[in-house]
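Just so you know, the protein sequences line up as chains Z and U, in that order. Here the first sequence stands for residues 0 to 272, where the numbers follow numbering that gives the first Met the number 0. Here the second sequence stands for residues 0 to 272, where the numbers follow numbering that gives the first Met the number 0.
2 protein chains.
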Amino acid sequence: MCLRYKWTGWSELGGENGLMNRRGVERQERLLQALVSGGSLHLADAAKLCGVSEMTLRRDVSSRDSLLSLMGGYLVRRDDPHYMPTYDLSAQQMRGAEIKASLCRHALSCIDDGDTLFIDCGTTLLPLASELGRRQGLTVVTYALNVANAVSALDDVRLILLGGRYRRVSQSFEGDDMAAQIRALGINRAFISAAGVHPQRGLSCFHFHEVAPKQAVIETAAQRILVFDDSKWDCLRPAFFGALSDVDIIVTHDRAASALADIPDLIPRLITM
Amino acid sequence: MCLRYKWTGWSELGGENGLMNRRGVERQERLLQALVSGGSLHLADAAKLCGVSEMTLRRDVSSRDSLLSLMGGYLVRRDDPHYMPTYDLSAQQMRGAEIKASLCRHALSCIDDGDTLFIDCGTTLLPLASELGRRQGLTVVTYALNVANAVSALDDVRLILLGGRYRRVSQSFEGDDMAAQIRALGINRAFISAAGVHPQRGLSCFHFHEVAPKQAVIETAAQRILVFDDSKWDCLRPAFFGALSDVDIIVTHDRAASALADIPDLIPRLITM
DNA sequence: CAGTGAATGTGATTTTTTTAACATTTCTGC
DNA sequence: GCAGAAATGTTAAAAAAATCACATTCACTG
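The structure is reproduced here in structure tokens:
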């Protein structure tokens, strides 16, 4: 006889709002460890390993503080938004990602085997970093954690990370002597990003700690390649780091490309799509 | 009139054995680009994006030469280590992970709010790094990429990464002046890992480039905490970096713990489980 | 040690994904 | 334009996963 007058159900308690219990945390710890080096684990196997039912694991995973997630019956580590900017790509986001990817395809064509590249921070150049496996004998210099992670996955590419204090906002490092370190390296080709590109005022970014490395690279690299998408065109950001004429090549498209094409005697060479 | 005398069905032709057609390859190219930096895409979104039915994409994906794969309704890159199925997760491995996690729980109890910690490379201390969110005002110094990634996810922890040339084998960086940088920092508590711990010969690791930072830390840190599991006990590895008496605290258990407990006048304090 | 609430298990139900079979459209060479 | 093949769409059935409702177990407290 259904006399339970105030039953609210487990959903409310244990669902997406709740926190995991002690043993739940322990289980998660185990599974997380099992997946440290990536990979996925079928729910049934995981349940057998932990000695609990699938349902229990489902409940663990659905708690708000879980670091695991379940997709199609497989447990995977919940994506760190840090270096997984596009987790669950909707059609909208895809557009932006596709644009960046196509910019990077063009940028990739500038690269020769054996180059020593600099890759700037931000998300624009991330697809470039992931595609470098197609060239031989490359060395990549960067001060961005997300770029370093992408490059670290490529077996044939040497990686040099300029360390220092980590800045979450830009996912990059800030160091006193970064400029000096950059000057000590022989950078062949530098891929530079910008949060703002203005026809008169030139290149700017959000964070002041990015200025020193950017300028050091502009100063020392043999070839400087600016890559930016339309959303940055005609924008001013707090920290200026250079002029349009400080770069040798510009990779962009659409609005920015046609505006740039109209500038007479533009110094950088223009690559558009 | 069903006179088709030799109809074998599509399954045989288009299934796992077949190759993709021209447009299929184009579609895949597009989707692959969208997923360059990892992540996943729901089949329905992908279908909308490509302007075809879900079924068509399913057929693309199931062709032998596809670089995409489908898990639980989501498209992912087939080579993405994040989604690689982990087939053989033996109770053995699981046990190792569990041991490391429990060692790290003990290590965590050594930490006070406001500490400046050093965390060594390897997998042993990885669970420690992920748990640091429980303390306030911490600063973490490391030269390991995996540790840096774990710490970068924690909002309240300052991270200082000692950069340089990346070494895949140890997921850490090698730099000329790393020792100098470490000496310039005020490290409060250093968590040190070792690939080999020998009762007489002391502490060793696999890679020579780890020796300089480890020794610099041992030399300068206020408190040195060695963490290792049983599999390292009584082992000699190529590169020696210190003696047992160079550390202040040892966190371990089982075989190693009882052997150490038998050593008279052992200098480091022992924490076991 | 009964009683309570949290944690977990079980099986039915609903939803989603996968597969299969066949219809329809598009392409290609003549 | 037409035949035939290739590519894609549509629908139904099967399989798997996710959710739900409630039963059971466990760990405590008084």
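Ideal Cβ placement from N, Cα and C applies to all residues, glycine included.
Integer Cβ distance of L137/Z from L131/Z, believed to fall under 8 Å: Looking up residue 137/Z in the first sequence gives position 138. Looking up residue 131/Z in the first sequence gives position 132. That pair is a contact at about 6 Å.
Three or more C-beta pairs below 8 Å linking the region 224-232 of chain Z and the region 241-260 of chain Z: yes
Cut-off 8 Å between Cβ atoms - residues of its own chain near V210/Z, not counting five sequence neighbours on either side: Against the first sequence, residue 210/Z aligns to sequence position 211. Counting only Cβ-Cβ distances below 8 Å, and skipping sequence neighbours, we find C204, A238, F239 and F240.
Burial state of V75/U (16 or more Cβ within 10 Å): On the second sequence, position 76 is the one that residue 75/U refers to. V75/U comes out buried.
Inter-residue Cα distance where the pair is S52/Z and A215/U: Reading the first sequence from its first residue, position 53 is the one you call residue 52/Z. Reading the second sequence from its first residue, position 216 is the one you call residue 215/U. When rounded, the distance between both Cα atoms is 48 Å.
Residues sharing a beta bridge with M70/Z, DSSP: To locate residue 70/Z, count along the first sequence from 1; it is residue 71. Y73/Z.
Where L48/Z falls, given that 16 or more other Cβ within 10 Å makes a residue buried: In the first sequence, counting from the first residue as 1, residue 48/Z sits at position 49. L48/Z is buried by the Cβ-count criterion.
For S101/U, three-class secondary structure by DSSP: Your numbering for residue 101/U matches position 102 in the second sequence. Note: S101/U maps to helix in three-state DSSP.
Within chain U, partners of F172/Z - CB distance below 8 Å: One-based indexing of the first sequence puts residue 172/Z at position 173. Within chain U, the residues near F172/Z are L160 and G162.
Beta-carbon proximity check, A45/U vs L56/U, cutoff 7 Å: Position 46 of the second sequence, counted from the first residue, corresponds to residue 45/U. Position 57 of the second sequence, counted from the first residue, corresponds to residue 56/U. Closer than 7 Å, so yes.
S171/U in three-state terms, based on DSSP: By one-based count along the second sequence, residue 171/U stands at place 172. Residue state, collapsed to three classes: strand.
Contact set between the region 113-132 of chain U and chain Z, restricted to residues whose Cβ is under 7 Å from the partner: T122, L125 and P126
Test item: CB-CB of Y142/U and S108/U under 7 Å: Working through the second sequence from its first residue, we reach residue 142/U at position 143. Working through the second sequence from its first residue, we reach residue 108/U at position 109. Cβ atoms of Y142/U and S108/U: not closer than 7 Å.
Residue environment, N148/U, which counts as buried when at least 16 other CB atoms sit within 10 Å: What you label residue 148/U is simply residue 149 of the second sequence in a count that begins at 1. N148/U comes out buried.
7 Å Cβ shell around G50/Z - same chain, five flanking residues per side excluded: Here the question's residue 50/Z lines up with position 51 in the first sequence. Nothing listed; no residue qualifies.
Opening and closing residue of the alpha helix (DSSP H) in which Q222/Z lies: Against the first sequence, residue 222/Z aligns to sequence position 223. Here Q222/Z belongs to no alpha helix (DSSP H); instead the beta strand (DSSP E) covers Q222 to V226.
Rounded separation between S101/Z and D154/U - CA only: Within the first sequence, the letter at position 102 stands for residue 101/Z. Within the second sequence, the letter at position 155 stands for residue 154/U. One C-alpha to the other measures close to 33 Å.
Spatial neighbours of G201/Z in its chain, beta-carbon cut-off 7 Å, leaving aside the 5 residues before and after: By one-based count along the first sequence, residue 201/Z stands at place 202. If we look at G201/Z and ignore the five residues flanking it on each side, its Cβ neighbours are F239, G241, A242 and L243.
Neighbour list for G71/Z in chain U, Cβ cutoff strictly below 9 Å: As a working note, residue 71/Z is residue 72 in the first sequence. Per Cβ cutoff of 9 Å: L69, M70, G71, G72 and Y73.
Alpha-carbon spacing of E25/U relative to S68/U, whole angstroms: By one-based count along the second sequence, residue 25/U stands at place 26. By one-based count along the second sequence, residue 68/U stands at place 69. Spanning the two alpha carbons is a distance of roughly 16 Å.
Closest Cα partner of R133/Z within the set C120/Z, A183/Z, R182/Z and D114/Z: As a working note, residue 133/Z is residue 134 in the first sequence. That would be D114/Z, whose Cα lies nearest to the Cα of R133/Z.
Reduced DSSP category for G241/U - H, G, I as helix; E, B as strand; rest coil: Mapped onto the second sequence, residue 241/U falls at position 242. DSSP places G241/U in strand when its eight states are reduced to three.
I249/Z, enclosing beta strand (DSSP E) - first and last residue: As a first step, residue 249/Z is located in the first sequence; it is residue number 250 there, counting from the start. I248 to V250 is the extent of the beta strand (DSSP E) around I249/Z.
Beta carbon proximity, M83/U to chain Z, threshold 7 Å: Locating residue 83/U in the second sequence gives position 84, counting from the first residue. Interface residue, yes.
CA nearest to the CA of D112/Z, picked from R77/Z, D264/Z, G121/Z and R157/Z: Translated into the one-based positions of the first sequence, residue 112/Z becomes position 113. Ranking R77/Z, D264/Z, G121/Z and R157/Z by Cα distance to D112/Z puts R157/Z first.
Segment limits, alpha helix (DSSP H) that includes L30/Z: For the purposes of this step, residue 30/Z is identified with residue 31 of the first sequence, where counting begins at 1. Unbroken alpha helix (DSSP H) run through L30/Z: R21 to A33.
Spatial distance of N187/U from A260/Z (CA atoms): By one-based count along the second sequence, residue 187/U stands at place 188. By one-based count along the first sequence, residue 260/Z stands at place 261. Their backbone Cα atoms lie some 57 Å apart in a straight line.
Assigned exposure category for E173/Z - 16 Cβ within 10 Å defines buried: On the first sequence, residue 173/Z is found 174 positions in, with the first residue counted as 1. Under this definition E173/Z is a buried residue.
Residue from S257/U, L225/U and P212/U with nearest C-alpha to G195/U: Indexing the second sequence from 1 puts residue 195/U at position 196. It is L225/U.
Burial state of F286/U (16 or more Cβ within 10 Å): The shown model of chain U, from 0 to 272, leaves out residue 286/U, and the question about it has no answer.
Bridge partners - C204/U, DSSP secondary structure assignment: Residue numbering aside, residue 204/U sits at position 205 when the second sequence is read from its first letter. A238/U, per the DSSP bridge assignment.
Minimum Cβ-Cβ distance from G50/Z to chain U less than 7 Å: For the purposes of this step, residue 50/Z is identified with residue 51 of the first sequence, where counting begins at 1. By this cut-off, G50/Z is not an interface position.
Contact with chain Z by A143/U, beta-carbon distance below 7 Å: Along the second sequence, one-based indexing puts residue 143/U at 144. No, A143/U lies away from the interface with chain Z (no Cβ there is under 7 Å from its Cβ).
Collapsed DSSP secondary structure at L265/Z in the structure displayed: Position 266 of the first sequence, counted from the first residue, corresponds to residue 265/Z. L265/Z: coil per DSSP, three-state reduction.
Residues bridged to V140/U [DSSP beta-bridge criterion]: On the second sequence, position 141 is the one that residue 140/U refers to. In DSSP, V140/U forms a bridge with F117/U and I159/U.
Limits of the unbroken alpha helix (DSSP H) element including A45/Z: In the first sequence, residue 45/Z corresponds to position 46, counting from 1. It spans L42 to C49 - the alpha helix (DSSP H) in which A45/Z sits, taken as one unbroken run.
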